[in-house]
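Here's the structure, in C-alpha cells; my notes come after.
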Amino acid sequence: MKAIVFVEQRDGNIKKSSCEAIHAAASRFGSCTAVVIGPDLGDAYAGLGAYGASKVIAVTGDGLENYSVTAYAKAFSGVVQELGADVVLFSATAMAKDLAPRVAIRLDAALASDCTELTVQGDEVIATRPVYAGKAFITVTLATPVKIFSLRPNVFTIGETSDAQAEVEKRAPDLSDDDFVVRVVETKMASGRKDVVEADVIVSGGRGMGAPENWRLIEELADVLDAATGASRAVVDAGWRPHAEQVGQTGKTVAPSLYIACGISGAIQHLAGMSSSKCIVAINKDPEAPIFKVADYGIIGDVMEVLPALTNEIKSVVGK
Ligand SMILES: Cc1cc2nc3c(=O)[nH]c(=O)nc-3n(C[C@H](O)[C@H](O)[C@H](O)COP(=O)(O)OP(=O)(O)OC[C@H]3O[C@@H](n4cnc5c(N)ncnc54)[C@H](O)[C@@H]3O)c2cc1C
-11 MKAIVFVEQR DGNIKKSSCE AIHAAASRFG SCTAVVIGPD LGDAYAGLGA YGASKVIAVT
49 GDGLENYSVT AYAKAFSGVV QELGADVVLF SATAMAKDLA PRVAIRLDAA LASDCTELTV
109 QGDEVIATRP VYAGKAFITV TLATPVKIFS LRPNVFTIGE TSDAQAEVEK RAPDLSDDDF
169 VVRVVETKMA SGRKDVVEAD VIVSGGRGMG APENWRLIEE LADVLDAATG ASRAVVDAGW
229 RPHAEQVGQT GKTVAPSLYI ACGISGAIQH LAGMSSSKCI VAINKDPEAP IFKVADYGII
289 GDVMEVLPAL TNEIKSVVGK
C-alpha cells in the first residue's frame, strides 16, 4: 500500500506529532512520502528521513506560507492523486480537524479520525478509535479506495531515529485567488507555553486551586518539569484560564507521558480528554474524587500544601 503523510509545520518547524505519523506509516506500510505545505525552505525537510520518510514533497507557492484550509485541501489532494496513494495519514491536530474532512471530500475517501492504533492485515488497515467521549473503543476499516486516518498526538511514538536524509521534490500547484476562500491573517500565541496537545508533561488545574492567582503553584511545577499547563472547563468558564488550555470533551484531547491533575474532580467530560495519558497523578483533598479511579498515583491533600512540597522535591531531584 502506498502511504502519504501530511506534515504540519509552523515557520518551518515540523510538529512532533507529524513525525509520529511518519514513523507510524513507515513502520506499517514499509515506506511513506511526507508532504509539507508552506514556505520554500530548500532541502530543509530532508531530515524527515530520520523518522522513516523515503521522500518529501515540499509544496510551495504564493499564499501557501500561511495556512488556508481551502488552498491546502486542493494542493494536498492534488499530490495524493498524482502519487496514487491508498492511505493518507494526518496527526489529529486542530489543523487536521479542519483540513482532513475537506481532503476526504475531494478524494471521495472515508476518514477515521483521532485513531489510537493502526494495524495492517493483508489489504486491510484496521484503526482503533475512541467513541462516547472515550468510554469505549471501536475498530474500523474503511471501504473506499483511498483511506484517510488521523492519529491522536502522543499515542504513536517517533521510534528510533536515524541520520537518513529523504529526497526532497518540489511542487508548485496552480492556485488562484478563488482557492484562498479562507486565509489565516494573523496568529497570536495564547501564552509562551507549549500547547497541551503537543506536550509530553502537563500540569493541569481545576476549581480546587481556589483562585486564579494560585496558578503560580501550577506554573512553578510546570517550569521545573518543562511542562504545559492545562485546565478544567470549570476554571476556563470562570475566566481563570484561557480556553486554549482546556482539556476534555469540549476542550483538547491530550495523551502526555505524565498528566498531573491538581484540584480536578475528574468529571467524565474531563476524563474524555486525558484518560489516555500514560501516567496520571491526581492531587485532591477528597479521597472519593472520581479522578482517583483513573489515576496511577493519588495524593490526598490540599493543593496549596502539596504543590509547593512536590515542586521543591522535584527541584532537588532534577537540580533546577
Ligand atoms: C457538555 C459538557 C461538556 C463539558 N466539557 C468539559 C471539558 O471539556 N473539560 C472539563 O474539564 N469539563 C467539562 N465539562 C464540565 C465537567 O462536567 C465538570 O463540571 C468540570 O470538569 C469540573 O471542573 P473541576 O474538576 O475543576 O471542578 P469541581 O468539579 O468543582 O472539582 C473541584 C475538585 O477540587 C477538589 N478540591 C477543592 N479544594 C481543594 C484543595 N484545596 N486541594 C485539593 N483539592 C481540592 C474538590 O475535592 C473537587 O474534587 C463539561 C460539561 C458538559 C455538560
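Mapped onto the numbering used here, the consecutive letters of the sequence shown carry residue numbers -11 to 308.
Quick reminder that beta carbons are idealized off the backbone N, C-alpha and C, glycines included.
Given the structure is predicted, the values throughout are model-derived calculations rather than measurements.
Listed in chain order, the alpha helix (DSSP H) runs fully inside the stretch 186 to 231 are 203 to 213, 221 to 225, counting runs of at least 4 residues. Residue pairing from DSSP places P118 in a beta bridge opposite F125. In its own chain, leaving out the 5 sequence neighbours on each side, no residue places its CB closer than 7 Å to the CB of D162. Between T127 and T116 the beta-carbon gap is near 5 Å, inside 8 Å, which marks them as a contact.
For V143, the three-state secondary structure derived from DSSP is coil.
Spanning the alpha carbons of A34 and A199 requires a straight line of approximately 48 Å.
Membership of T81 in any alpha helix (DSSP H) is not indicated, and neither H nor E is assigned to it by DSSP.
A direct Cα-Cα distance of roughly 23 Å separates A61 from V113. T175 has its Cβ no nearer than 8 Å to any heavy atom of ligand 1. The chain-ordered list of residues whose CB is nearer than 5 Å to some heavy atom of ligand 1 reads G194, R195, G196, S220, R221, A222, G236, Q237, T238, G239, G251, I252, S253, A255, Q257, H258, N272, K273, D274, A277, D290, V291. Annotated as proximal: T58 and F168, with beta-carbon spacing under 9 Å. In the displayed model, L36 falls within a helix according to three-state DSSP. Annotation for Y60: the continuous alpha helix (DSSP H) segment containing it runs 57 to 71.
In the DSSP annotation of this structure, the continuous segment of the beta strand (DSSP E) that includes V(-5) starts and ends at -9 to -5. Excluding sequence positions up to five before and after G286, its CB lies within less than 6 Å of the CB of A270, F280, all in the same chain and listed in chain order. Between the stretch 88 to 95 and the stretch 19 to 28 there are fewer than three inter-stretch CB-CB distances shorter than 8 Å, so the stretches are not counted as touching. Less than 9 Å separates the beta-carbon of D188 from that of A215. Inter-residue distance for E157 and L36 is about 13 Å (C-alpha atoms, whole angstroms). If you look at R16, you'll find it in the alpha helix (DSSP H) that goes 4 to 17. Close CB contacts of W228 within its chain, under the 6 Å cut and outside five residues either way in sequence, are with P200 (chain order). The stretch 200 to 212 makes contact with the stretch 289 to 308: 3 or more CB pairs, one atom from each, lie closer than 8 Å. Listed in chain order, the beta strand (DSSP E) elements of length 3 or more contained wholly in the stretch 255 to 307 are 267 to 272, 285 to 288.
Judged by their CB atoms, A260 and A121 are nearer to each other than the 9 Å cut-off. Within the same chain, Cβ atoms closer than 6 Å to the Cβ of P141 are found at S5, S79, V185, the five residues on either side in sequence being excluded. The alpha-carbon of L139 is positioned some 8 Å away from that of E105.
Around the beta carbon of K3, a 10 Å sphere encloses 16 or more other beta carbons of the protein chains shown; the residue is thus reported as buried.
CA-to-CA, the gap between D274 and H11 works out to about 42 Å. For A243, no beta strand (DSSP E) run applies, since DSSP gives it neither H nor E.
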